[in-house]
Amino acid sequence: MADLILRNLGPVDYAPTLEAMRAYTQQRGSESPDEIWFCQHPPTYTQGVAGNAAHVLQPGSIAVLQTDRGGQVTYHGPGQLVAYPLIDLRRAGLYVKTYVYRLEEALLRTLAQLGVTGHRIAGSPGIYVRLADPFDHAALTGPRPGDDPFAGLGKIAALGIKVHRHCSYHGLALNVAMDLEPFGRINPCGYAGLQTVDLQSIGVAVSVSEVEPLLLRHLSDLLGH
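Residue numbers for the sequence shown follow our numbering, so the first one is 1276 and each next one is one higher.
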């Protein structure tokens, strides 16, 4: 089993963190340890590599940064736990789709420890909760009302990755206790009208520092460490 190094970066700007992730991924060798970086970013919009600028509605004074992850525009801000797993997928025996599934599974397990039932939506990476009852353990079944896959749901975690020479960077963001207003100035992840929530807004009083060890444990278990 390969080593795993945890780096808790605290509050850090987005751009230099991206450059550091990219540099580590480009220079790492077959024996380089996997790492998971935890951090929080100041208010920042980030746009995926194929992102549509039309999804950035009213950024105001918040910077919009182009990045090389997949997906569309999202928002980072204080009170959001960001995890960047830098994983040698080939060494871990993980295909990209399996890796994405396991990142989502780590989020689902973390939420479950807090009593919250998260849900996947096919074709829309990230984790969603029922707005009316985030603690309802029933699975989503059947067609959604009005054929809207997000009807009655709010997004609580976003996911976007990049893989270079079989090694991952970027990662996931779990909304814990943040100012959600900036999400209203974009189409989150490219979906107009998609509501974004955090743990605080659905009634779970917990801090980023309390959620971090839960997520770390599940990421470690699911990524082969």
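From the three backbone atoms N, C-alpha and C, an ideal C-beta is built for every residue, glycine too.
Using only alpha-carbon positions, find the residue among the options that is nearest to residue i.
i        : options                                   : result
Gln-1388 : Leu-1497, Asp-1278 and Leu-1489           : Leu-1489
Val-1404 : Leu-1474, Ser-1482, Gly-1304 and Pro-1286 : Leu-1474
Cys-1464 : Val-1391, Asp-1422, Gly-1368 and Gly-1401 : Gly-1401
Ala-1414 : Ala-1433, Gly-1393, Lys-1430 and Ile-1431 : Gly-1393
Lys-1437 : Leu-1447, Lys-1430, Ile-1431 and Ile-1477 : Leu-1447
Pro-1409 : Gly-1429, Thr-1416, Ser-1307 and Thr-1321 : Gly-1429
Ser-1476 : Leu-1406, Asp-1422 and Leu-1434           : Leu-1406
Thr-1300 : Leu-1491, Arg-1440, Pro-1457 and Gly-1499 : Arg-1440
Thr-1342 : Gly-1323, Thr-1349 and Met-1296           : Gly-1323
Ile-1461 : Arg-1303, Tyr-1320, Ala-1295 and Met-1296 : Tyr-1320
Leu-1434 : Gln-1302, Arg-1395, Glu-1456 and Asp-1278 : Arg-1395
Gly-1478 : Gly-1390, Glu-1487, Leu-1494 and Gly-1398 : Gly-1390
His-1316 : Leu-1494, Leu-1449 and Gly-1368           : Leu-1449
Val-1483 : Leu-1386, Thr-1416, His-1412 and Ser-1399 : Leu-1386
Ala-1397 : Leu-1491, Glu-1379 and Glu-1487           : Glu-1379
Arg-1366 : Ile-1431, Ala-1295 and Ser-1305           : Ser-1305
Ser-1399 : Ala-1432, Gly-1427 and Ile-1337           : Ala-1432
Gln-1459 : Ala-1426, Leu-1491, Thr-1416 and Thr-1349 : Rather than Gln, the amino acid found at residue 1459 in this sequence is Gly. Ranking the options by Cα distance to Gly-1459, first place goes to Thr-1349.
How would you write the range of the beta strand (DSSP E) that residue i sits in, first residue to last?
i        : result
Tyr-1299 : Taken as a continuous stretch (DSSP letters only), Tyr-1299 belongs to no beta strand (DSSP E), being part of the alpha helix (DSSP H) at 1289 to 1302.
Ala-1432 : 1428 to 1439
Leu-1356 : 1355 to 1361
Ala-1448 : 1442 to 1450
Leu-1281 : 1279 to 1286
Pro-1334 : Neither: Pro-1334 is in no beta strand (DSSP E) and is coded neither H nor E.
Pro-1400 : 1399 to 1405
His-1351 : 1349 to 1351
Would you mind giving the Cβ-Cβ distance between residue i and residue j, rounded to the nearest angstrom? I have them listed as a contact below 8 angstroms.
i        : j        : result
Gly-1354 : Val-1451 : 6 angstroms
Leu-1497 : Arg-1377 : 4 angstroms
Arg-1384 : His-1493 : 4 angstroms
Just to confirm, is the Cβ distance from residue i to residue j under 8 angstroms?
i        : j        : result
His-1445 : Arg-1303 : no
Pro-1424 : Pro-1318 : no
Asp-1443 : Tyr-1374 : Residue 1443 is actually Ser in this sequence, not Asp. Yes, they are a contact pair.
Val-1371 : Leu-1382 : no
Gly-1352 : Asp-1422 : no
Gln-1347 : Gly-1326 : yes
So residue i is in the alpha helix (DSSP H); what residue range does that whole segment cover?
i        : result
Tyr-1376 : 1371 to 1388
Glu-1310 : Note, Glu-1310: premise wrong, no alpha helix (DSSP H); beta strand (DSSP E) at 1309 to 1315.
Any contact of the region 1359 to 1371 with the region 1304 to 1315, i.e. 3+ C-beta pairs under 8 angstroms?
-> A contact exists between the region 1359 to 1371 and the region 1304 to 1315.
Determine contact between the region 1462 to 1469 and the region 1285 to 1300, defined as no fewer than three beta-carbon pairs at a distance below 8 angstroms.
-> no
Does the region 1322 to 1331 touch the region 1278 to 1288, meaning 3 or more C-beta pairs lie closer than 8 angstroms?
-> no
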